[in-house]
Amino acid sequence: MRRADPAVRRVLHASLALLAALAAAGAAATPAVLDDFREVLPQLQPERRAQLLERATQWQGLTAVQREAFTRRAAEWDALPRAERDARRVNYRAWQALTPDERARLQALSARVRALPADERATLRAQFDALDGSERRGWRLGPTLGADYPELQPLLAQLPAAQHAPLLQVLRELTPVQRRDLGMLVYRTPPQQRDRLRRELLSTAAGQRDRWLWERLGR
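Per mature numbering (1 follows the signal peptide of the UniProt record, and there is no 0), the sequence shown runs over residues -29 to -1, 1 to 190.
The following block contains the structure:
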């Protein structure tokens, strides 16, 4: 059997971890009808109220055929086991956290994967399923960070919620060489000192990260 292109194999793991989110995106919420929520709306948090109003506007703009299709997808969503719905929500949130460039790369890759022979797709899927659970979760971070996740995982473990998005942004801004050096630094840092390491990384300006890494690795 022809081996898959190495570039396809490398990024496919991220694709498999996240493309299910696209299928779930259209069915993750039921249509909002404002009349049914008129008394409840003032009691909602502003963000939740705005979200509900936006969905109601989208629903009202659908044609009868589109509403029927949406209702069918929503019913299919409701029929899924709870564990499957939870997994798809996790994937969808991960998809939303990706940069536009990463989403475009995964969508392009999806087209390439669909063009592969069925037996080759099955082999790639089996390879992904055979990965350690932690490594599969790491690929939800997308193609930029997924490959480096095993080395960076200790830095991301037990991460305070307030640091999650800023740290991922910094990690995506690093060059591959900088992420490699950071992985070495994480490995050498005792667990009780990793929180300090994260805070130093987050507070270091982009132009000073090379120097910070060299100094830290030289200690």
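Cβ atoms here follow ideal geometry from the backbone N, Cα and C, with glycine treated the same way.
- Query: What residue does the alpha helix (DSSP H) around Gly178 start on, and which one ends it?
  - Reply: One-based indexing of the sequence shown puts residue 178 at position 207. Segment: none, Gly178 is in no alpha helix (DSSP H) and carries neither H nor E.
- Query: Per DSSP, what kind of secondary structure is Gln78 in: helix, strand or coil?
  - Reply: Here the question's residue 78 lines up with position 107 in the sequence shown. Here DSSP, grouped into helix, strand and coil, assigns Gln78 to helix.
- Query: Can Leu126 and Val84 be called in contact, C-beta distance under 8 Å?
  - Reply: Along the sequence shown, read from residue 1 onward, the residue named residue 126 stands at position 155. Along the sequence shown, read from residue 1 onward, the residue named residue 84 stands at position 113. No, the pair does not count as a contact, with Cβ atoms beyond the cut-off.
- Message: Could you compute how far the alpha carbon of Tyr120 sits from the alpha carbon of Pro88?
- Response: Position 149 of the sequence shown, counting from 1, holds the residue named residue 120. Position 117 of the sequence shown, counting from 1, holds the residue named residue 88. Taking the CA atoms as reference points, Tyr120 sits about 29 Å from Pro88.
- Message: Distance check for Ala40 and Thr34, CA to CA, integer angstroms please.
- Response: As a first step, residue 34 must be located in the sequence shown, where it is residue number 63. As a first step, residue 40 must be located in the sequence shown, where it is residue number 69. If you take the alpha carbons of Thr34 and Ala40, they lie about 10 Å apart.
- Query: How about the stretch 172 to 179 and the stretch 125 to 145: do they share at least three Cβ pairs that are nearer than 8 Å?
  - Reply: Under the Cβ criterion (8 Å, minimum of three pairs), the stretch 172 to 179 counts as touching the stretch 125 to 145.
- Item | Proximal residues to Arg53 (C-beta, below 8 Å), its chain only, five neighbours per side dropped | The residue labelled residue 53 in the question sits at position 82 within the sequence shown. Around Arg53: no qualifying Cβ.
- Cβ-based burial, Arg64 [other Cβ within 10 Å; buried from 16]: The residue labelled residue 64 in the question sits at position 93 within the sequence shown. Exposed, because fewer than 16 other Cβ atoms sit within 10 Å of the Cβ of Arg64.
- Task: Would you tell me roughly how many angstroms separate the C-alpha atoms of Arg187 and Asp49, rounded to the nearest one?
- Result: As a working mapping, residue 187 is identified with position 216 in the sequence shown. As a working mapping, residue 49 is identified with position 78 in the sequence shown. Taking the straight line joining both Cα atoms gives about 51 Å.
- Message: I'd like to check one pair, Leu123 with Leu116: are the Cβ atoms closer than 8 Å?
- Response: Within the sequence shown, numbered from 1, the residue matching residue 116 stands at position 145. Within the sequence shown, numbered from 1, the residue matching residue 123 stands at position 152. It is a contact, given that the beta carbons lie within the stated cut-off.
- Task: Taking all protein chains shown into account, decide if Arg169 is buried (16 or more other Cβ within 10 angstroms of its Cβ) or exposed.
- Result: Translated into the one-based positions of the sequence shown, residue 169 becomes position 198. Residue burial annotation: Arg169 is buried, with at least 16 other C-beta atoms found within 10 angstroms of its C-beta.
- List in chain order: all unbroken alpha helix (DSSP H) runs of 4+ residues lying wholly within the stretch 38 to 81. Correct list: 53 to 68.
- Query: So, are the CB atoms of Gln134 and Leu184 less than 8 Å apart?
  - Reply: If you number the sequence shown from 1, residue 134 lands on position 163. If you number the sequence shown from 1, residue 184 lands on position 213. Going by C-beta atoms, Gln134 is not nearer than 8 Å to Leu184.
- Message: Taking a contact to mean a Cβ-Cβ separation below 8 Å, would you say Arg76 touches Pro114 in this structure?
- Response: What you label residue 76 is simply residue 105 of the sequence shown in a count that begins at 1. What you label residue 114 is simply residue 143 of the sequence shown in a count that begins at 1. Note that the C-beta distance between Arg76 and Pro114 is below 8 Å.
- Quick one: using the 10 Å Cβ neighbour count with 16 as the cut-off for buried, is Glu73 buried or exposed? On the sequence shown, residue 73 is found 102 positions in, with the first residue counted as 1. So Glu73 counts as buried.
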